[in-house]
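Everything on this sheet refers to the single structure shown next.
Residue numbers (this note's numbering): 144 to 990.
See below:
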């Protein structure tokens, strides 16, 4: 059985998902189908002997969807282009926070933008904005994170611009501002504080009048009417506006429930006061207190939500705002935004390094804890790489800027973390579906509550109330006690804290779903070179044949290997430089992935690499092979060299196993995880490494493209598989695995294929990532349990279920307090993950 994921473009709703799912399920040979609207993909398990991948793609196309990104000719032809000439739309993952058109030839790239959205009251608001944006022509994908109040959009700049996107959100009833305008956040917070202060200023005297009864009952009612009207006129308007735009967009959110509750209480009271009896019982106090308590709850909730993203804010705060460049032998201080690639930058002791670069003069120690999580400073000298936002703790250095602006490691990390936070975990999608029906169901329950209590005369009511008033009070209480916010906050707040804890340890999760799925792993497969081993092999022995000297063999081999980036090739080149061996001229160089390198030397074919590639299965080379095999030592890798199809020598290299590899593997096995080694190295070396570390299964002499087949073999057993390796060289296998873990990524995190990116090269970080994933999933489940159990218990209590037996009734104002306590409990539990997650990772063994 094969497992593949196909991109599906053009889906706009769950009906599209159902159509694609049914179309694929009908195809013979398809075992299972999982279609994701959020990821715009279909994951299938199928029998490749019965149905091909191209056939499955055709089924999707026949349903009216596309398996390739939309092309411009679907919208508008290029000027001067014949009708049958189709301009191409290329998707490029640009990491900009603002729009811009990037044109290369006749290709227009999709662009990314992000901006803040204020005015959302619950997760339904975020869904409403997403729908509003996704249905707009030219929008490739829109995601809105309710917790951090931010929208992330990928769009075609030829069809839509950022101004139009901002207007779309504003038309939906929400305010927007760009990340650069931080003052808008402060202004929004100040406005929320003013609303609450105004509401509280009116509600406090209103409660005093209600319960103190300082005047005649009629005068008291008129005074309460005046105060409650002021609350309705200003602070409560935010709920009415939110409800209006929500219903206008054919959606429901928390504002609808609150608006229904306070308007029912207020307008009934107005009617009773002016049309029934000035001394009638009113709910002015409930209308005002509901508004006040909910505004207070949102203030506290926003403060708490702000803390969930502290790790990212802390990282951004590390960035220097100025740089000192060397120009005409003069040190000039400039703004960070003015630094260009190639600038010569001077950093003194105690200063922050502004951008990424290579040291050209000086030696120092650099505190890289903000990137790697390692507390000890790292020694740096000429030729070493330095990273922006790290701290120079040693001497004065000069370095050449290599990465600036959004290309720096810091900018890449921030982008990856933000995108992970806006991604939706599977469990969050369930919450979104619940939230879609939540508000209508609550309204129905409230109406049923009123009807039951009003018309069922067998039910007891308080002696100081009428049946209508008591039933009406319960209706209001049900409307305001229900809390969809807690459901909406359960996953994103935990994801933000979890990704922040990982960030502090140099562990980056590209998707929110990975934090959820990593705890469900069954198998971890490892590449050998650079993953389990140090990745810096050294030549230990040279064996030359046919009267060739070892030095001459090294000269010829290094002359060819200097053109390769393979770790073994680089080790041979380093050895030649160490022995100051002069290189020779080589021509017609070709690299054969997974096999070796070929060229022409003095008119004869020269090959360097694996035995099968180099020997051409020539029987005359068999004795040489036996001689080499007898000389090999445990852990050594062999590079063979042939000239004109005759083996002229072999080089023996050793790549030391990392000190922490054995500890990491044993700890993973204690977690009941199976381990496997997939290596392109020879069988003897692979077996030796696996045996020494206690790895369960070994596959040796595997070509890069065959690593995918090995991953699929494990997946065909119904197991969830992670592949750990080099995010660039092992990209196909990492992409095929259920979770790809790229280790030792350094400054190139944006280039990595992995779902999890480990900046350091320690295998123990794999254990830490799994431990953090488990704690995050536990936190999400606990959040959902609380959010659901709150609503399951409190809605019946609000409906008066306890009154007949225990004379307990929940008043509307207390229902509001219970409602925002529910949200605060969820956010607070997520904040505890910062300590739980860090503690779980700390329990993993160290070197």
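All residues carry an ideal CB built from backbone N, CA and C; glycine is no exception.
Simplified DSSP assignment, three categories, for residue 859: The answer is coil: DSSP assigns residue 859 none of H, G, I, E or B.
Rounded C-alpha distance that separates residue 636 from residue 663: Approximately 21 Å between the Cα atoms of the pair.
Cβ neighbour criterion (16 or more within 10 Å) applied to residue 419: Counting the other Cβ atoms within 10 Å of the Cβ of residue 419 gives fewer than 16, which makes it exposed.
One or two residues paired with residue 620 in a DSSP bridge: DSSP output for residue 620 lists no bridge partner at all.
Check whether residue 792 and residue 711 have beta carbons under 8 Å apart: No, the Cβ-Cβ distance between residue 792 and residue 711 is not below 8 Å.
Neighbour flag for residue 186 against chain C, beta carbons, 8 Å: Chain labels in this structure do not include chain C; a single protein chain is all it has.
Neighbourhood of residue 167 by C-beta distance below 8 Å, restricted to the same chain and skipping five residues each side: Correct list, in chain order: 173, 176, 178, 185, 187, 199, 202, 203.
Contact between the region 904-919 and the region 970-983 (3+ Cβ pairs under 8 Å): Cβ pair count under 8 Å is three or more, so yes.
Between the CA atoms of residue 337 and residue 376 - distance to the nearest angstrom: In a straight line, the C-alpha of residue 376 is about 14 Å away from that of residue 337.
Terminal residues of the alpha helix (DSSP H) in which residue 575 lies: Per DSSP, residue 575 belongs to the alpha helix (DSSP H) from 569-598.
Residues bridged to residue 735 (per DSSP): Answer is 739, bridged to residue 735.
Cβ distance (whole Å) where residue 308 is taken to contact residue 291 below 8 Å: Residue 308 to residue 291, Cβ: 18 Å. No contact.
Through-space distance from residue 575 to residue 428, alpha-carbon basis: Taking the straight line joining both Cα atoms gives about 34 Å.
Residue 386 to residue 396 span [Cα, whole Å]: Straight through space, the alpha carbons of residue 396 and residue 386 are spaced by roughly 7 Å.
Nearest candidate by alpha-carbon position, reference residue 661, set 816, 538, 413: Nearest neighbour of residue 661 by Cα position, chosen from 816, 538, 413, turns out to be 816.
First and last residue of the uninterrupted beta strand (DSSP E) at residue 675: Segment: none, residue 675 is in no beta strand (DSSP E) and carries neither H nor E.
Identity of the residue in 494, 614, 318 nearest residue 946 by Cα: The residue among 494, 614, 318 with its C-alpha nearest the C-alpha of residue 946 is 614.
Helix, strand or coil at residue 504 according to DSSP, with G and I counted as helix: Note: residue 504 maps to strand in three-state DSSP.
Candidates 269, 951, 669, 253: closest to residue 315 by CA position: Comparing Cα-Cα distances from residue 315 to each of 269, 951, 669, 253, the minimum goes to 269.
Contact under 8 Å by Cβ, residue 501 with residue 435: No, these two residues do not count as a Cβ contact at 8 Å.
When 389, 957, 979 are compared against residue 437, the one with the closest alpha-carbon: Comparing alpha carbon positions, the residue from 389, 957, 979 closest to residue 437 is 957.
Residue 727 in three-state terms, based on DSSP: Under the three-state reduction of DSSP output, residue 727 falls in the coil class, being neither helix nor strand.
Short Cβ contact (8 Å threshold) for residue 319 with residue 259: Their beta carbons are under 8 Å apart, which means residue 319 touches residue 259 by this criterion.
Nearest-angstrom Cβ-Cβ length linking residue 267 and residue 578, presumed shorter than 8 Å: With 8 Å as the limit, residue 267 and residue 578 qualify as a contact, their Cβ atoms being about 5 Å apart.
Residues bridged to residue 294 (per DSSP): Its beta-bridge partners are 258, 287.
Endpoints, alpha helix (DSSP H) assigned at residue 391: It spans 380-391 - the alpha helix (DSSP H) in which residue 391 sits, taken as one unbroken run.
Close-in-space but distant-in-sequence residues of the same chain around residue 342 (CB under 6 Å, 5 per side omitted): Closer than 6 Å at the Cβ level, and outside the excluded window around residue 342, lie 374, 378, 434, 435, 438.
contact_flag[the region 620-635, the region 751-763] where n(CB pairs < 8 Å) is 3 or more: Contact between the region 620-635 and the region 751-763 is absent, because fewer than three Cβ pairs lie under 8 Å.
Among 678, 910, 667, the one whose alpha carbon lies nearest that of residue 855: The candidate whose alpha carbon is nearest that of residue 855 is 667.
DSSP three-state assignment for residue 792, whether helix, strand or coil: Strand at residue 792.
Three-state secondary structure assigned by DSSP to residue 748: Strand at residue 748.
For residue 362, the nearest candidate out of 405, 424, 409, 671 (CA to CA): Of the listed residues, the one whose Cα sits closest to residue 362 is 424.
Spatial distance of residue 713 from residue 705 (CA atoms): Rounded to the nearest angstrom, the two C-alpha atoms are 7 Å apart.
Spatially closest choice to residue 537 from 971, 688, 572, 508, by CA coordinates: Here the closest residue by C-alpha is 508.
DSSP state of residue 445 mapped onto helix, strand, coil: Assignment of residue 445 by DSSP, reduced to helix, strand and coil, places it in the helix class.
Alpha helix (DSSP H) runs wholly inside the region 929-965, at least 4 long, in chain order: Annotation note: the region 929-965 contains the following uninterrupted alpha helix (DSSP H) runs of length 4 or greater, listed N- to C-terminal: 946-949.
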